[in-house]
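Just below is one structure, and these are the notes that go with it.
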Amino acid sequence: MPSLTAREVYQQLRDAALEVRPLKRLDVQPEPGHVHVDIEGWRLSLGFEGNRLRHCERCQSPDGRAGELDSWQRYGTDPVSLLSTWELAQIERLCAEVTQ
């Protein structure tokens with residue numbers, strides 16, 4: 002099964018930023034600085050530094066495909082770096098809202 006591309010994961014984040022798809026925080030949080038979210042069956046582990054979203058550690062799609070930061074960086078980018086400044090701010094705001 003092919004792994005997820007950074008662009009496929011970026012599209013999920015973009016849709017959540019535009020509020021086309023709901024972003025929900027999962028109850029299980031692995032460690033400080035990481036937030037697990039669900040976007041309509043897409044499970045993402047996001048890396049934060051304070052309130053700033055830095056990267057997407059891992060993503061699993063509803064069909065079982067997965068992608069990880071190490072594989073995306075081999076090709077020069079990760080999904081978070083594809084977000085516009087506005088989209089990034091929206092995702093940070095949504096993650097802050099679901100944590101309160």
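Residues in the sequence shown are numbered consecutively from 2, following our numbering. Where a beta carbon is used, it is the ideal one built from N, C-alpha and C, also for glycine.
TODO: For my contact list, residue 14 and residue 92 are in at a C-beta cut-off of 8 Å; report their separation, rounded to the angstrom.
DONE: In this structure residue 14 is in contact with residue 92, their Cβ atoms being roughly 6 Å apart against a cut-off of 8 Å.
Open item on the list: Beta-carbon within less than 6 Å of residue 17's beta-carbon, same chain only, minus the 5 sequence neighbours each way: which residues are those?
Closed with: Closer than 6 Å at Cβ, skipping near neighbours: 24 and 40.
Task: Minimum length 4: unbroken alpha helix (DSSP H) runs contained in the stretch 43–97 - done: You should have 70–75.
Task: Segment contact flag, the stretch 26–37 with the stretch 46–60, C-beta cutoff 8 Å, min 3 pairs - done: A contact exists between the stretch 26–37 and the stretch 46–60.
TODO: Would you identify the three-state DSSP class for residue 39, choosing helix, strand or coil?
DONE: DSSP places residue 39 in strand when its eight states are reduced to three.
Open item on the list: By the DSSP assignment, the alpha helix (DSSP H) with residue 24 in it spans what residues?
Closed with: Where residue 24 is concerned, there is no enclosing alpha helix (DSSP H), although the beta strand (DSSP E) it sits in stretches over 24–26.
Open item on the list: For residue 14, report the span of its alpha helix (DSSP H) as first-last.
Closed with: Note, residue 14: alpha helix (DSSP H), 7–18.
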